[in-house]
Amino acid sequence: MKIKMTLFVSCVLVFLSTNLSAGNPGKNAMSCVSASTNSKTYNNLIFKNRCSYKVFVVWCGDLKSSKKRCRGGSNYGFYTHSTNMKAYSSKKTSIKKGGSYSYAACKGGISFGSKGIKHPANKNGRFTCTRT
């Protein structure tokens with residue numbers, strides 16, 4: 046009987062700890078992510094995650110590979126592109142030479158759509174990381 050009770054309590058604790066860590070915490074990660082550009086013809090826009098946890102980045106601008114610009118995101122959002130970044134990883138994309146860009150970063154991960162962040166087109170890039 047004691048073994049069954051111990052097993053039951055262990056299962057409950059595993060279930061609770063898994064559910065507590067699921068989803069995004071709704072925390073800003075701008076202090077984790079840096080962005081830089083380089084190149085002569087096109088600027089390689091490089092995002093670097095300097096933190097020990099997963100973050101996601103959303104961005105927009107004068108991108109080489111897209112005609113979408115800031116304020117042209119899905120669901121009337123400001124940002125048009127997104128990526129998940131593991132701890133201490135980098136992501137490279139390209140903007141037109143001399144082009145501008147804007148980005149935001151939150152702790153956690155993102156899939157298609159904007160779950161995990163609110164970035165209305167009419168807020169000029171201001172954003173709020175949200176819990177999921």
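Quick note: to get the working numbering, add 45 to the position in the sequence shown (first position is 1).
All C-beta atoms in this analysis are idealised placements derived from N, C-alpha and C, irrespective of residue type, glycine included.
The structure displayed is predicted, hence computed values, not measured ones.
| Item | Value |
| --- | --- |
| Three or more C-beta pairs below 8 Å linking the region 70-77 and the region 114-121 | no |
| Where residue 173 falls, given that 16 or more other Cβ within 10 Å makes a residue buried | exposed |
| The beta strand (DSSP E) enclosing residue 126, as first and last residue numbers | 126-130 |
| Local Cβ density within 10 Å of residue 153, reported as buried at 16 or more and exposed below that | buried |
| Simplified DSSP state of residue 74, which is helix, strand or coil | coil |
| Whole-angstrom C-beta distance between residue 101 and residue 128, which should lie under 8 Å | 7 Å |
| Cβ pair residue 164, residue 124 closer than 7 Å | yes |
| 7 Å Cβ cutoff met for residue 89 and residue 78 | no |
| Exposure of residue 143, with buried meaning 16 or more beta-carbon neighbours within 10 Å | exposed |
| Cβ shell of residue 177 (< 6 Å), same chain only, five flanking positions each side left out | 68, 69, 160 and 161 |
| Contact belief for residue 108 with residue 140 at Cβ below 8 Å, rounded distance in angstroms | 6 Å |
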